[in-house]
Ligand SMILES: C[S@@+](CC[C@H](N)C(=O)[O-])C[C@H]1O[C@@H](n2cnc3c(N)ncnc32)[C@H](O)[C@@H]1O
C-alpha cells in the first residue's frame with residue numbers, strides 16, 4: 335500500500351499553506367472545514383484570502399518562503415506556481431519529518447487529498463495514490479449515488495446511544511448483535527423517512543427490550559427494464575429487504591441488484607398465466623410484514639399505473655401494515671423515450687391518454703369516441719392481443735386509417751424492438767413481426783418521429799450500471 339488511509343483530527347492544529355492564489359484558496363477551504371489553525375505564506379494574496387483573514391479564519395503572512403516558516407506545523411501544503419519554491423517547501427518539510435503535499439506533484443507528497451463522499455459523520459475517502467485521479471473521481475460519483483443520504487443522520491442517532499448500549503451489553507459480541515438488529519430494523523426506515531423522533535423511540539425500545547420486530551412493505555416501481563432507470567430510493571429499498579416479491583415484468587438485470595441473501599418469491603403475472611392469484615399476493619404481503627419482515631414488492635414500471643399497486647396498498651392499509659410507495663418510470667414514458675417518440679409535441683399531439691387493452695370484465699368497454707379524437711397520443715398497455723379490435727374501433731370512431739403507430743417490444747432493454755406503420759396495419763404488424771410481451775402500442779402522429787429521433791440503440795447498449803468498476807473509464 336503506497337498510502338495508509340487515516341482520518342486525522344485537525345481541530346486547532348497548526349497547518350501551513352505556502353501560496354496565495356486560487357489553488358491555495360481551495361486548499362484553505364478544505365482545511366477550514368476540518369477546523370485547522372491555518373497560516374498562509376506568500377508575497378501577495380487573492381481577495382478571498384484577505385476576506386478570510388478579516389473574518390478571523392486564517393493568518394496571512396506576506397513574505398517569501400524560507401525553511402524556518404515550517405517549524406511547529408503539523409502539515410504543510412505547497413500551493414505556489416513556482417516549482418523551485420514548491421521543491422524547497424518539500425525538502426524543508428522532509429528534513430523535519432513534517433507531512434507535506436505539493437499540489438499536482440504526487441512524487442513530492444507524503445500525504446495526498448482523497449476524493450470524498452461526505453455523509454457526515456460517515457466519510458468515505460477514495461484514492462488512486464495519484465495514479466488515476468479521473469478513475470477515483472468516477473468511483474466517487476458512483477458511490478455518491480449508491481450511499482444513501484440518510485446514512486449520516488443514522489450514524490448520528492446511533493452515536494447518541496453508544497454509551498447506553500455499552501452499559502447494557504458488557505460483551506462486544508452482544509453489542510455487535512444488537513447493532514446488527516438495529517440496522518435491520520425499522521429504525522433505518524424511520525430515519526430514511528425523516529421521522530427522527532420515531533427512530534429514536536424505536537431504538538430506545540429495542541434497547542429496553544420492549545420492541546417487537548415490525549415489518550414493512552416497500553411497494554417499488556422498477557421501471558420498464560433498464561436498471562439505470564431505477565430511482566435511488568428503489569435501489570436502496572431493494573437492498574434493504576428481507577424478502578422480494580416480484581413478477582415477470584421486472585427484468586433480470588434489475589433482479590440482480592436485490593440484496594443477495596433476500597428470499598425471492600415470484601408471483602408470476604403474464605397475460606393468461608396468473609401463477610399466484612392477486613388475492614393470495616395481497617395476503618402474502620400482509621403475512622410477511624406481520625412476521626416482522628421487510629418486504630420489497632417490486633413491480634415493472636410504476637406500481638400505480640396498471641400495476642395493481644393500488645389494490646395491494648389498500649389491503650396493507652386495512653391490516654395496519656406499514657408501507658412506503660416508490661414510483662417508477664412507467665412503460666409509456668420509458669419506452670417512448672428510448673424509441674425516440676415524444677408523447678406530446680407542439681405540432682402533433684396536445685394530450686396523451688394511457689389506455690389498457692386488458693379490461694377487468696367483458697363489457698367494461700373503452701370510451702372509443704374519446705380515444706379516436708385527433709391531435710392526441712394513445713399509449714396502449716397490454717394491447718397486443720387486442721390489436722385487431724383496437725384498430726377496428728379507432729377507425730370506426732373516426733381516427734384516420736393512416737395514423738402512424740409504433741409497437742415497442744421490450745422497451746428500454748437491450749432486446750428492444752420498434753416496429754412502425756399505420757393504424758390500418760396494426761394487427762398485421764403484430765402478426766408479421768411476431769411481437770412478444772411486454773410490448774406497448776403508441777397510436778398518433780408522434781409515432782412517425784421515431785425514424786428521425788431514434789438514437790436509443792446506443793443509449794440502451796452503453797448502459798454502464800452493472801459494469802464492473804474496472805471497466806468504468
Ligand atoms: C400489467 S402492465 C404494467 C404496467 C407498469 N405498471 C408500468 O407502469 O409500466 C404490463 C404492460 O405494460 C407494458 N410494458 C411494461 N414494460 C414494458 C416494456 N419494457 N416494454 C414494452 N411494454 C412494456 C406492456 O404493455 C405490458 O403488457
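In this note's numbering, the protein residues as written are 335 to 807.
Backbone N, C-alpha and C define an ideal beta-carbon position, used for all residues, glycine too.
Please read all numbers here as calculations on a predicted model, not as lab measurements.
Buried or exposed (CB count within 10 angstroms, at least 16 for buried), residue i
{"i": "residue 418", "result": "exposed"}
{"i": "residue 468", "result": "exposed"}
{"i": "residue 627", "result": "buried"}
{"i": "residue 305", "result": "Since the displayed the chain opens at 335 and closes at 807, residue 305 lies outside it and no answer follows."}
{"i": "residue 633", "result": "buried"}
{"i": "residue 398", "result": "exposed"}
{"i": "residue 816", "result": "The structure shown does not extend to residue 816, since the chain is modelled only from 335 through 807, so no value can be given for it."}
{"i": "residue 526", "result": "buried"}
{"i": "residue 699", "result": "exposed"}
{"i": "residue 598", "result": "exposed"}
Neighbourhood of residue i by C-beta distance below 6 Å, restricted to the same chain and skipping five residues each side
{"i": "residue 769", "result": "718, 741, 743"}
{"i": "residue 346", "result": "371"}
{"i": "residue 386", "result": "392"}
{"i": "residue 426", "result": "401, 404"}
{"i": "residue 758", "result": "735"}
{"i": "residue 447", "result": "none"}
{"i": "residue 721", "result": "760, 761, 764"}
Below-8 Å beta-carbon distance, residue i vs any chain C residue
{"i": "residue 691", "result": "Among the chains in the structure shown there is no chain C, since it carries only a single protein chain."}
Distance cut-off 7 Å: residue i Cβ against heavy atoms of ligand 1
{"i": "residue 771", "result": "yes"}
{"i": "residue 558", "result": "yes"}
{"i": "residue 664", "result": "yes"}
{"i": "residue 726", "result": "no"}
{"i": "residue 716", "result": "yes"}
{"i": "residue 636", "result": "yes"}
{"i": "residue 743", "result": "yes"}
{"i": "residue 751", "result": "no"}
{"i": "residue 641", "result": "yes"}
{"i": "residue 720", "result": "no"}
{"i": "residue 669", "result": "yes"}
{"i": "residue 746", "result": "yes"}
{"i": "residue 760", "result": "no"}
{"i": "residue 633", "result": "yes"}
{"i": "residue 564", "result": "no"}
{"i": "residue 677", "result": "no"}
{"i": "residue 705", "result": "no"}
{"i": "residue 774", "result": "yes"}
{"i": "residue 325", "result": "Here the chain comprises residues numbered 335 to 807, so residue 325 is not present and cannot be evaluated."}
{"i": "residue 583", "result": "yes"}
Cα-Cα separation between residue i and residue j, rounded to whole angstroms
{"i": "residue 687", "j": "residue 713", "result": "6 Å"}
{"i": "residue 550", "j": "residue 751", "result": "38 Å"}
{"i": "residue 612", "j": "residue 650", "result": "13 Å"}
{"i": "residue 442", "j": "residue 421", "result": "8 Å"}
{"i": "residue 615", "j": "residue 727", "result": "35 Å"}
{"i": "residue 540", "j": "residue 500", "result": "14 Å"}
{"i": "residue 572", "j": "residue 543", "result": "28 Å"}
{"i": "residue 340", "j": "residue 456", "result": "14 Å"}
{"i": "residue 487", "j": "residue 454", "result": "8 Å"}
{"i": "residue 379", "j": "residue 359", "result": "9 Å"}
{"i": "residue 521", "j": "residue 483", "result": "15 Å"}
{"i": "residue 518", "j": "residue 416", "result": "54 Å"}
{"i": "residue 381", "j": "residue 466", "result": "33 Å"}
{"i": "residue 410", "j": "residue 676", "result": "56 Å"}
{"i": "residue 470", "j": "residue 683", "result": "45 Å"}
{"i": "residue 749", "j": "residue 732", "result": "35 Å"}
{"i": "residue 802", "j": "residue 337", "result": "Bear in mind that the predicted position of residue 802 carries a pLDDT of just 34, short of 50, making it unreliable; the figure below should be weighed with that in mind. C-alpha separation (whole angstroms): 24 Å."}
{"i": "residue 593", "j": "residue 782", "result": "42 Å"}
{"i": "residue 491", "j": "residue 389", "result": "33 Å"}
{"i": "residue 351", "j": "residue 440", "result": "17 Å"}
7 Å Cβ shell around residue i - same chain, five flanking residues per side excluded
{"i": "residue 305", "result": "The chain is shown only over 335 to 807; residue 305 falls outside these bounds and no answer can be derived."}
{"i": "residue 474", "result": "449, 451, 460"}
{"i": "residue 589", "result": "580"}
{"i": "residue 596", "result": "575, 576, 577, 578"}
{"i": "residue 357", "result": "413, 437"}
{"i": "residue 462", "result": "469, 470"}
Neighbourhood of residue i by C-beta, 8 Å cutoff - its chain only, sequence neighbours within 5 removed
{"i": "residue 479", "result": "566"}
{"i": "residue 786", "result": "674"}
{"i": "residue 635", "result": "555, 556, 557, 558, 583, 641, 662, 663, 664, 665, 668"}
{"i": "residue 804", "result": "Reliability of the predicted coordinates at residue 804 is poor, the pLDDT of 33 falling under 50, and the value obtained from them is presented with this limitation in mind. None."}
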